[in-house]
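Those protein sequence lines, which keep their order, are chains A and B.
The first sequence begins at 1 in the numbering used here and counts up by one.
The second sequence begins at 1 in the numbering used here and counts up by one.
There are 2 protein chains.
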Amino acid sequence: MTQPRTFRGTRDFLPPELIGRRKIQEIIELTYRRYGFQPLETPAIEYFDVLTGKSDETDKLIYKLEHKGDALGLRYDLTVPLARVVAQHKQLPRPFKRYQIQPVWRADRPQPRQGRFREFVQCDADIIGTASLLADAEIIALTNEILAKLGFEGFIIRLSSRKLLRGMASLICGDEEKVFPLCRCIDKLDKIGWDGVQKELAECGFTDDVRAKVEKFCGLWDENLDWSAAEKVLQNVEIGLEGLKEVREVYERAIQLGVPPERLKPDLTLARGLDYYTGPIYETVLPDKPHIGSLSGGGRYDGLVATFSKENVPATGTTLGLDRIQTAMKELGIFTEVPSETDVLIAQFDEEGLPAVLALATKLRKADFNVEVWYESDRLKKQFTYADRQQIPFVIILGPDERAAGKVTVKSLATGEQKTIPEAELTALLDSAKG
Amino acid sequence: MTQPRTFRGTRDFLPPELIGRRKIQEIIELTYRRYGFQPLETPAIEYFDVLTGKSDETDKLIYKLEHKGDALGLRYDLTVPLARVVAQHKQLPRPFKRYQIQPVWRADRPQPRQGRFREFVQCDADIIGTASLLADAEIIALTNEILAKLGFEGFIIRLSSRKLLRGMASLICGDEEKVFPLCRCIDKLDKIGWDGVQKELAECGFTDDVRAKVEKFCGLWDENLDWSAAEKVLQNVEIGLEGLKEVREVYERAIQLGVPPERLKPDLTLARGLDYYTGPIYETVLPDKPHIGSLSGGGRYDGLVATFSKENVPATGTTLGLDRIQTAMKELGIFTEVPSETDVLIAQFDEEGLPAVLALATKLRKADFNVEVWYESDRLKKQFTYADRQQIPFVIILGPDERAAGKVTVKSLATGEQKTIPEAELTALLDSAKG
């Protein structure tokens with residue numbers, strides 16, 4: 001006998017949880033379609049060299065496998081496979097707006113309370129083939145729409161640009177490439193605060209003067225969103241001014257797309273870890289639930305497709321973390337478990353009645369009801385207990401008396417009401433209850 | 001630069017194919033729900049020992065991976081994980097009717113023309129916790145309903161029982177356990193014909209006499225379905241008579257559930273490879289497309305849960321192979337590719353008009369239309385070419401004249417008709433076209 005168990009960081013989704021989880025996924029998918037995105041699916045298994053070399057951080061997290069000498073791995077995100085797809089399938093339209101909702105795997109330390117697992121589902125929407133910042137603004141607008149539809153209230157979409165951070169690096173350190181160590185330190189601000197970030201910056205070898213300037217620069221918009229103050233500080237740092245212009249344009253277009261200004265926060269402390277971002281970056285946080293981390297994160301990555309192709313293709317997009325979102329909804333009390341989507345259980349009263357029961361089940365199914373029939377000749381009490389536990393709204397009894405009279409007995413488990421009605425009136429009754 | 005490529009036997013699903021493929025999946029899922037099944041999802045990664053030991057055939061096909069000394073593997077089917085789930089989560093209801101639509105992986109030789117891949121999607125429906133043959137009949141009824149809804153016409157659902165085959169082994173060989181080599185030979189009948197099967201039986205050491213009797217027994221229902229002839233042949237072989245009774249009951253209940261008799265064929269040559277079946281077995285074939293193999297396959301496996309638990313739990317269910325089904329539909333010309341589900345493209349006419357374009361896009365999205373806006377200040381011709389290629393039915397132009405007049409210009413790409421109407425009439429126009 002084998003002990004039944006799951007690998008740590010992976011989970012079974014039993015029906016009550018999964019039915020609720022799918023409602024989240026449906027809202028995400030529907031909204032992606034509203035914005036004109038089309039679905040894509042890629043294999044779980046990719047060649048190992050397709051997955052590696054995008055960032056040191058992720059390379060270590062890949063689950064490896066092998067097939068007759070081929071080095072393979074499980075995808076750890078959906079962005080790298082998308083870049084591969086764009087390079088590989090030249091027939092794709094431009095712009096290529098794709099969404100993709102699939103699991104990814106990371107050999108990481110699972111932290112279930114924070115919604116971090118080894119197998120988890122990402123919901124991505126990306127726009128390939130345009131450098132227009134309208135694309136970035138649309139990504140922000142759909143993120144806002146999804147989270148609002150899901151019932152989140154206090155979320156903030158943080159917005160910056162990798163170019164703005166490059167500008168800061170250039171301005172303060174005299175070296176644009178210092179953007180990478182700076183970002184990695186600042187990225188931890190939510191978790192460790194400025195004291196912690198200062199310590200990290202010191203460990204990276206930044207001088208007292210630089211560290212003070214970094215903290216001051218990052219605090220520029222703490223009080224109010226002052227575009228000209230930032231412009232003044234950045235002086236003649238071209239890349240920084242470009243980033244500032246980007247952030248402002250994305251911000252204004254997103255507002256035009258209906259994002260409430262109080263939810264969208266240009267934020268000079270937003271760094272995002274991944275090395276491949278080149279322009280606007282954005283992520284969503286719940287200020288009241290800092291331990292959950294970001295519900296969504298993304299940005300522009302104009303160089304990634306070029307790792308697979310001679311053609312350089314601009315791209316921007318976001319990931320919504322289904323597991324993070326579900327974890328947050330549970331904590332906020334806005335996640336609902338649903339034990340079953342069955343509308344009707346037809347009880348088994350007597351074996352002779354089975355042909356009539358099966359015919360009725362078939363008829364109700366054709367009328368778009370979800371129907372179960374009871375399989376055994378059990379006492380009715382047991383059958384009702386099952387229906388009750390599964391929250392099936394109606395139980396139908398089709399005994400010899402009912403069959404002789406062309407009637408059915410219907411019990412509503414919500415109201416406790418039981419009545420015997422002509423079979424012809426049944427679907428109308430069930431319909432009215434369905435609302 | 002990394003060469004963009006996919007591992008052999010795995011595939012990218014680009015939007016035109018995937019949108020069509022999802023329509024298949026939706027019909028399967030909807031029908032599963034109609035029959036009262038609830039969704040389940042399990043991890044792709046399982047402990048290696050959870051997956052192994054169910055059949056020699058499958059053990060060799062598992063993709064292995066490792067994590068800090070833990071031996072892991074990718075699931076090769078959804079039945080073994082289900083058995084694990086049932087043993088592990090004692091709170092599940094009985095009966096537990098679950099469906100599961102997820103990818104599985106097999107280190108097999110891919111045969112794309114036959115719809116065989118290394119990564120493929122199984123759509124399973126299983127009923128756990130009842131020995132009632134009503135459950136088996138329901139599985140057959142839903143298989144019939146799904147394939148009919150998908151547009152298949154000539155399919156046959158073959159039905160037998162592992163017990164009937166055990167009876168045959170007992171009757172002819174005097175040893176019930178000979179059912180396994182017999183099944184493995186007979187299972188190849190579709191591919192290699194009786195000549196081939198006879199050769200295989202000889203290689204397994206069966207005598208001329210036995211081989212002749214096997215072929216004769218299997219041919220019993222070739223002409224017409226004669227229950228009493230089979231009963232006579234099986235004489236006093238208890239297990240065989242039990243199997244016969246099972247097949248007959250499942251057959252009759254399935255007919256009561258609306259399965260057309262001409263589509264359901266009790267068939268003594270149906271063997272099914274897997275060792276864990278214990279009762280009724282069933283599979284669907286397209287007699288006109290023998291190279292595609294079975295579109296569905298399943299049966300009763302009352303012993304499988306007991307490999308994980310002291311409790312013995314009866315179970316029956318089927319797998320529909322999404323990839324086989326899609327391959328068959330393509331071959332039959334009943335599979336439709338859909339390049340996009342976008343309803344409207346709003347063109348970019350002038351940059352000053354963008355706020356109005358974005359406001360209109362937001363409004364139409366709220367009215368449940370799938371809307372794209374064009375991101376660049378391109379010539380209209382380029383924008384129309386995109387809409388045409390993507391089969392987007394309408395393009396809207398909101399130029400300075402239209403904006404001044406509170407109007408929009410709408411071009412239907414289907415009819416070529418273009419007209420300028422008040423913006424207030426727009427959603428009604430789009431709605432009427434949507435049907």
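Beta carbons: idealized from backbone N, C-alpha and C, even for Gly.
{"Asked": "Would you list, in chain order, the members of the stretch 366-388 of chain A that have their beta-carbon closer than 8 Å to a beta-carbon of chain D?", "Found": "The displayed structure is made up of protein chains A and B, and chain D is not among them."}
{"Asked": "Spatial neighbours of B/Thr130 within its chain, please: CB distance less than 7 Å, with the 5 preceding and 5 following residues excluded, ordered by chain position.", "Found": "Pro95 and Pro314"}
{"Asked": "Quick one: give me the first and last residue of the alpha helix (DSSP H) that A/Cys218 is part of.", "Found": "Asp208 to Cys218"}
{"Asked": "Given A/Val357, which residues of its chain have a CB within under 6 Å of its CB, disregarding the five upstream and five downstream residues?", "Found": "Ile346, Val373 and Leu398"}
{"Asked": "Got a sec? Which residues, its chain only, sit under 6 Å from B/Ala464 by beta carbon, not counting five neighbours each side?", "Found": "In the structure displayed, chain B extends from 1 to 435; residue 464 of chain B sits before or after that span and is not available."}
{"Asked": "Taking 9 Å as the CB-CB limit, is A/Met329 close to chain B?", "Found": "no"}
{"Asked": "Could you give the distance in angstroms between the alpha-carbon of B/Arg365 and the alpha-carbon of A/Tyr35?", "Found": "7 Å"}
{"Asked": "Where does B/Gly273 fall in DSSP's three states?", "Found": "coil"}
{"Asked": "If we count the other Cβ atoms within 10 Å of its Cβ and call it buried at 16 or more, is A/Leu430 buried or exposed?", "Found": "buried"}
{"Asked": "Against chain A, with Cβ distances strictly below 9 Å, would B/Val214 count as a contact?", "Found": "no"}
{"Asked": "How about B/Gln348 and B/Ile24: are their beta carbons less than 9 Å apart?", "Found": "no"}
{"Asked": "Give the interface partners of B/Gly36 over in chain A, defined as CB-CB distance under 7 Å, in chain order.", "Found": "Thr342, Asn370, Val371 and Glu372"}
{"Asked": "Compute the Euclidean distance between the alpha carbons of B/Gly205 and B/Cys173, then round it to the nearest angstrom.", "Found": "11 Å"}
{"Asked": "Is any beta-carbon of chain A found at less than 9 Å from that of B/Glu433?", "Found": "It is Ala, not Glu, that sits at residue 433 of chain B in the sequence shown. Not an interface residue."}
{"Asked": "Anything in the stretch 103-123 of chain B with a Cβ closer than 8 Å to a Cβ of chain A? List those residues in chain order, please.", "Found": "Pro103, Trp105, Ala107, Arg118 and Glu119"}
{"Asked": "DSSP beta-bridge partners for B/Pro290?", "Found": "For B/Pro290, which the question treats as bridged, DSSP gives no partner whatsoever."}
{"Asked": "I believe A/Ile139 touches A/Arg263 by the beta-carbon criterion, under 8 Å. Please report the beta-carbon distance rounded to the nearest angstrom.", "Found": "Not confirmed; about 14 Å, so no contact."}
{"Asked": "Measure the alpha-carbon distance for B/Thr316 versus B/Glu252 and round it to whole angstroms.", "Found": "17 Å"}
{"Asked": "Strictly below 7 Å CB to CB, what residues from chain B border A/Asp49?", "Found": "Thr2"}
{"Asked": "Near B/Val344, which residues of its chain fall below 8 Å by C-beta distance, leaving aside the five closest residues on each side in sequence?", "Found": "Leu364, Phe369, Asn370, Val371, Glu372, Ile392, Pro393, Phe394, Val395, Ile396 and Leu430"}
{"Asked": "Taking the alpha carbon of A/Leu133 as the point to measure from, which residue in B/Arg389, B/Lys434, B/Tyr375 and B/Asp323 has its own alpha carbon closest?", "Found": "B/Tyr375"}
{"Asked": "Can a CB atom of chain B be found closer than 9 Å to the CB of A/Ala135?", "Found": "yes"}
{"Asked": "For the stretch 148-167 of chain A against the stretch 287-296 of chain A, do three or more pairs of beta-carbon atoms, one drawn from each stretch, fall closer than 8 Å, so that the two count as touching?", "Found": "yes"}
{"Asked": "Any Cβ of chain A within less than 9 Å of the Cβ of B/Gly258?", "Found": "yes"}
{"Asked": "Does DSSP put A/Asp70 in a helix, in a strand, or in coil?", "Found": "strand"}
{"Asked": "For the beta strand (DSSP E) containing B/Cys123, list its first residue and its last residue.", "Found": "Glu119 to Ile128"}
{"Asked": "List in chain order: all unbroken alpha helix (DSSP H) runs of 4+ residues lying wholly within the stretch 188-266 of chain B.", "Found": "189-203, 208-218, 227-234 and 238-256"}
{"Asked": "For the stretch 270-298 of chain A, enumerate the residues whose C-beta is nearer than 8 Å to any C-beta of chain B, in chain order.", "Found": "none"}
{"Asked": "Name the residues in the stretch 86-97 of chain A whose C-beta lies less than 9 Å from a C-beta of chain B; which are they?", "Found": "Val86, Ala87, Gln88, His89, Gln91, Leu92, Pro93, Arg94, Pro95, Phe96 and Lys97"}
{"Asked": "Please decide whether B/Lys64 counts as near chain A, where near means a Cβ-Cβ distance under 9 Å.", "Found": "yes"}
{"Asked": "Cβ of B/Leu14 within 9 Å of Cβ of A/His89?", "Found": "yes"}
{"Asked": "Using C-beta distances below 6 Å, list every residue in its chain close to B/Gly9, excluding the 5 sequence neighbours before and after it, in chain order.", "Found": "Pro110, Phe117 and Arg118"}
{"Asked": "Just list the residues that DSSP pairs B/Gly321 with in beta bridges.", "Found": "B/Gln122"}
{"Asked": "Examine chain A for any beta-carbon lying closer than 9 Å to the beta-carbon of B/Thr79, and answer yes or no.", "Found": "no"}
{"Asked": "Do the stretch 17-32 of chain A and the stretch 52-63 of chain B make contact, defined as three or more Cβ pairs closer than 8 Å?", "Found": "no"}
{"Asked": "Which residue's Cα is closest to the Cα of B/Leu147: B/Cys218, B/Val247 and B/Ala328?", "Found": "B/Ala328"}
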